[in-house]
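Let me begin by presenting the structure, written as structure tokens, before commenting on it.
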Amino acid sequence: MSARLNRFFASRWGIIAAGAAIGLLAALLQRLGNPPNMGICVACFERDIAGALGLHRAATVQYIRPEIIALVLGSMVAALLCGEFRPRGGSAPVVRFVLGAVAMVGSLAFLGCPWRALLRLAGGDLNAIFGLAGLAVGIAIGVWFLRAGYSLGRSTKTAAVAGWAMPALMIGLLLLAVLRPQFTKDGPIFLSSSGPGSLHAPLLISLAVGLAIGFVAQRTRFCTMGAIRDAILMRDTRLLSGVAALVVTAFVANLAFGQVKVGLAGQPIAHSSYLWNVLGMVLAGLAFALAGGCPGRQLFLSGEGDGDAAIFVLGMITGAAFAHNLGLAASPDKVVEGVVQVGGLSAAGMWAVALGLVVCLAIGFGMREKQWSVEA
Amino acid sequence: MTMATVVDARGFSCPQPVILVQRAMAAGRYPIEVLVDSGAARDNVTRMAERAGCRVQCEAAGDGFKLTLSK
């Protein structure tokens, strides 16, 4: 790829273009059928995939989301074209798996990944402010650990087949999405007939949008966690300008599509239990910071051959299955005969968030390494 | 001949390469040679060092890059 284009992608304008593209395309996906304020949500969509495969049986959130598949494959194409496809792995894989699982528990306590938090804000859901505040706090705690010498250790170059594992899995999922086989009577592949899982844009459009975003995000290293982390850690606001562009563009597009409804209670697929909106995202933000990327970024890294990021993704999918099987995921607000019933977490869900925070703190303190210092 | 400070950040994912280089810059023994193996680490270290007023030279080295930071 031309050096000029690469320079553009690495610049502030490049990341602004990436953020704006994600914001616009997410609003468009919602317009074309994806769930409200959920044009793209990496956590929700991985959860839907877990459901479609029968890993959990929450009947309203089961669909093989083509966006997830395409985000990985789009990043893979960009990495291959630019000589950045590097099979690698071996940096504390089991820790990354656990971080992925607890990050999902936190995300499902809030009901969304950072992308969806931004998209919810752009749709007028003010609960997102609580979630984003929690996210920033979680990442700030992660930055403290980074400054204290936290490290998951070096990854090493590995065989090509390890790098291709995640793209290959995604192609397998794509085949399942297209062929929709039924493996056993009344068994998976499940596809929701009601609820968020039943709401989706046409498959080819979802794929095309995902490929485009995956490509641009790989080139620009778009990352919502990195945006807040870099601003705190080194006063670098490059990634943050991409995040701002996402919100502004999605808001303008939502206005144009009539998709803005400002308020707190009764927002779509959201709850107004403020404390748990904050704490859920504190947990998610800390887990993302300790793992080195938001759920979107982990998908893009897995597309460039990073097996450690792939394990984080598999941890998230597993975490989603547990969250729904054990009733840890939040229930959205319901409007019954014009009266809002506030949703939120079950007692088990609250304990799970607390336990997740303990797990993250144990990892943060336990993985500090003094040996990585400078050789003179 | 002065010895260069060497920071081997290969295998680390961001922001760790940046943190390691910041520590080396704080020690102040230039030039600082930084070994990285990903484009993201190369871009991030370069951007941070240039903002801190360093000159950064980049060359291919093995499977990755060698960045030479000087004041």
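Top to bottom, those sequences are chains X and P.
When you read off a place in the first sequence, starting at 1, and then add 12, the result is the number in the working numbering.
When you read off a place in the second sequence, starting at 1, and then add 1, the result is the number in the working numbering.
Where is the CB? At the ideal position from N, CA and C, for every residue including glycine.
As the structure is a computational prediction, the values presented were derived from the model and not from experiment.
| field | Straight-line gap, Cys15(P) to Ala220(X) (C-alpha atoms, nearest Å) | value | Here residue 15(P) is taken as the residue at index 14 of the second sequence, counted from 1. Here residue 220(X) is taken as the residue at index 208 of the first sequence, counted from 1. The straight-line gap from Cα to Cα measures roughly 29 Å.
| said: So, for Ala213(X): in the same chain, excluding its five sequence neighbours on each side, which residues have a beta-carbon less than 7 Å away from its beta-carbon? | reply: Here residue 213(X) refers to the residue found at position 201 of the first sequence. Hits under 7 Å: Leu41, Leu44, Gly45 and Asn46.
| Buried or exposed: Gln194(X), going by 16 or more other Cβ atoms within 10 Å of its Cβ? | The residue given as residue 194(X) occupies position 182 in the first sequence. Exposed, by the Cβ-count rule.
| message | Taking the alpha-carbon of Arg11(P) as reference, which of Cys59(P), Arg30(P), Phe66(P) and Ser71(P) has the nearest alpha-carbon? | response | The residue given as residue 11(P) occupies position 10 in the second sequence. Nearest C-alpha to Arg11(P): Phe66(P).
| request: Measure the beta-carbon distance from Tyr162(X) to Leu302(X) and round it to whole angstroms, keeping in mind my assumption that it falls under 8 Å. | output: Stepping through the first sequence from its first residue, residue 162(X) is reached at position 150. Stepping through the first sequence from its first residue, residue 302(X) is reached at position 290. About 7 Å separates the two Cβ atoms, so the contact holds.
| request: Consider the Cβ of Pro12(P): report whether some Cβ of chain X lies at a distance smaller than 8 Å. | output: Numbered from its first residue, the second sequence carries residue 12(P) at position 11. Before going further, note that residue 12(P) is Gly rather than Pro in the sequence given. Answer yes: the Cβ-Cβ gap between Gly12(P) and chain X drops below 8 Å somewhere.
| field | Ile201(X), enclosing beta strand (DSSP E) - first and last residue | value | Here residue 201(X) is taken as the residue at index 189 of the first sequence, counted from 1. Per DSSP, Ile201(X) belongs to no beta strand (DSSP E) and is neither H nor E.
| request: Select from Ala71(X), Ala268(X) and Ala121(X) the residue whose C-alpha is nearest the C-alpha of Ser206(X). | output: Residue mapping note: residue 206(X) aligns to position 194 of the first sequence, counting from 1. That would be Ala71(X), whose Cα lies nearest to the Cα of Ser206(X).
| query | In terms of alpha-carbon separation, which member of Thr330(X), Leu291(X) and Gly315(X) lies closest to Gly150(X)? | reply | Here residue 150(X) refers to the residue found at position 138 when the first sequence is read from its first residue. Among Thr330(X), Leu291(X) and Gly315(X), the Cα nearest to that of Gly150(X) is on Leu291(X).
| Under the three-state reduction of DSSP, which class applies to Phe66(P): helix, strand or coil? | By 1-based counting over the second sequence, the position of residue 66(P) is 65. Phe66(P): strand per DSSP, three-state reduction.
| request: Could you spell out the range, first to last residue, of the beta strand (DSSP E) harbouring Glu34(P)? | output: Along the second sequence, read from residue 1 onward, the residue named residue 34(P) stands at position 33. Glu34(P) -> beta strand (DSSP E) spans Ile33 to Val37.
| How far does the alpha helix (DSSP H) with Gln310(X) in it reach, from first residue to last? | For the purposes of this step, residue 310(X) is taken as residue 298 along the first sequence, with counting starting at 1. Segment Pro307 to Gly315, the alpha helix (DSSP H) holding Gln310(X).
| Cβ neighbour criterion (16 or more within 10 Å) applied to Trp363(X) | Your numbering for residue 363(X) matches position 351 in the first sequence. When all chains shown are included, Trp363(X) counts as exposed.
| Buried or exposed: where does Gln383(X) fall if 16 or more other Cβ atoms within 10 Å of its Cβ makes it buried? | Counted from its first residue, the first sequence places residue 383(X) at position 371. With a pLDDT of only 47 at Gln383(X), under the threshold of 50, the placement of this residue in the model should not be trusted; the figure read from the coordinates follows. Burial call: exposed.
| message | Quick check: Ala12(X) and His68(X), are their CB atoms within less than 8 Å of each other? | response | Limits of chain X in this structure are 13 at one end and 388 at the other, which puts residue 12(X) out of reach.
| Can Lys273(X) be considered in contact with the ligand MG, in the sense that its beta carbon sits closer than 7 Å to one or more heavy atoms? | By its list of ligands, the structure shown contains no ligand whatsoever, and the ligand MG lies outside what it can speak to.
| query | Where does Glu60(P) sit, in a helix, a strand or coil, going by DSSP? | reply | By one-based count along the second sequence, residue 60(P) stands at place 59. Strand, per DSSP.
| Using the rule of at least 16 other Cβ atoms within 10 Å of the residue's Cβ for burial, across every protein chain shown, is Gly209(X) buried or exposed? | Walking along the first sequence from the start, residue 209(X) turns up at place 197. Counting Cβ neighbours within 10 Å, Gly209(X) comes out buried, since at least 16 surround it.
| Cβ shell of Gln353(X) (< 6 Å), same chain only, five flanking positions each side left out | One-based indexing of the first sequence puts residue 353(X) at position 341. Here the set comprises Lys346.
| said: Between the alpha carbons of Leu36(X) and Ala265(X), how many angstroms are there, rounded? | reply: As a position in the first sequence, residue 36(X) is number 24, starting the count at 1. As a position in the first sequence, residue 265(X) is number 253, starting the count at 1. Roughly 6 Å separates the two Cα atoms.
| field | 8 Å Cβ cutoff, Asp64(P) in contact with chain X | value | Position 63 of the second sequence holds residue 64(P). Yes, contact with chain X.
| query | Which chain X residues are close to Ala41(P), counting only those with a beta carbon under 8 Å from its beta carbon? | reply | The residue labelled residue 41(P) in the question sits at position 40 within the second sequence. In chain order: Arg233.
| said: Which residues in chain P have a C-beta closer than 7 Å to the C-beta of Glu58(X)? List them in chain order. | reply: Here residue 58(X) refers to the residue found at position 46 when the first sequence is read from its first residue. None at all; the shortest Cβ gap to chain P is about 21 Å.
| Ile375(X) and Leu111(X) look like a contact to me (Cβ under 8 Å); what is the Cβ gap, rounded to whole Å? | For the purposes of this step, residue 375(X) is taken as residue 363 along the first sequence, with counting starting at 1. For the purposes of this step, residue 111(X) is taken as residue 99 along the first sequence, with counting starting at 1. The pair is a contact, with the Cβ atoms about 7 Å apart (cut-off 8 Å).
| task | Please list the segments of the beta strand (DSSP E) lying wholly inside the stretch 146–216 of chain X, counting only runs of 3 or more residues, in order along the chain. | result | none
| field | Beta-carbon gap between Ala91(X) and Gly275(X) smaller than 8 Å | value | Taking the first sequence and counting its residues from 1, the one referred to as residue 91(X) is at position 79. Taking the first sequence and counting its residues from 1, the one referred to as residue 275(X) is at position 263. No, Cβ-Cβ distance for Ala91(X) and Gly275(X) is not below 8 Å.
| field | Length at least 3, wholly inside the stretch 309–356 of chain X: the beta strand (DSSP E) runs in chain order | value | 346–348 and 351–353
| message | Taking the alpha helix (DSSP H) that Thr236(X) belongs to, which residues open and close that run? | response | Taking the first sequence and counting its residues from 1, one reaches residue 236(X) at position 224. Its alpha helix (DSSP H) spans residues Thr236 to Met246.
| At which residues does the alpha helix (DSSP H) containing Thr261(X) begin and terminate? | If you number the first sequence from 1, residue 261(X) lands on position 249. Per DSSP, Thr261(X) belongs to the alpha helix (DSSP H) from Arg250 to Phe269.
| task | Can you check DSSP and say which residues form a bridge with Ser71(P)? | result | Numbered from 1 along the second sequence, position 70 holds the residue referred to as residue 71(P). Its beta-bridge partners are Arg56(P).
| query | Looking at the structure shown, is Arg69(X) part of a helix, part of a strand, or coil, going by DSSP? | reply | The residue you call residue 69(X) lines up with position 57 of the first sequence. If DSSP states are grouped into helix, strand and coil, Arg69(X) belongs with coil.
| query | Which of the three DSSP states, helix, strand or coil, is assigned to Gly101(X)? | reply | The count along the first sequence starts at 1 and reaches residue 101(X) at position 89. If DSSP states are grouped into helix, strand and coil, Gly101(X) belongs with the strands.
| Where does Gly222(X) sit, in a helix, a strand or coil, going by DSSP? | Here the question's residue 222(X) lines up with position 210 in the first sequence. The answer is helix: DSSP assigns Gly222(X) an H, G or I state.
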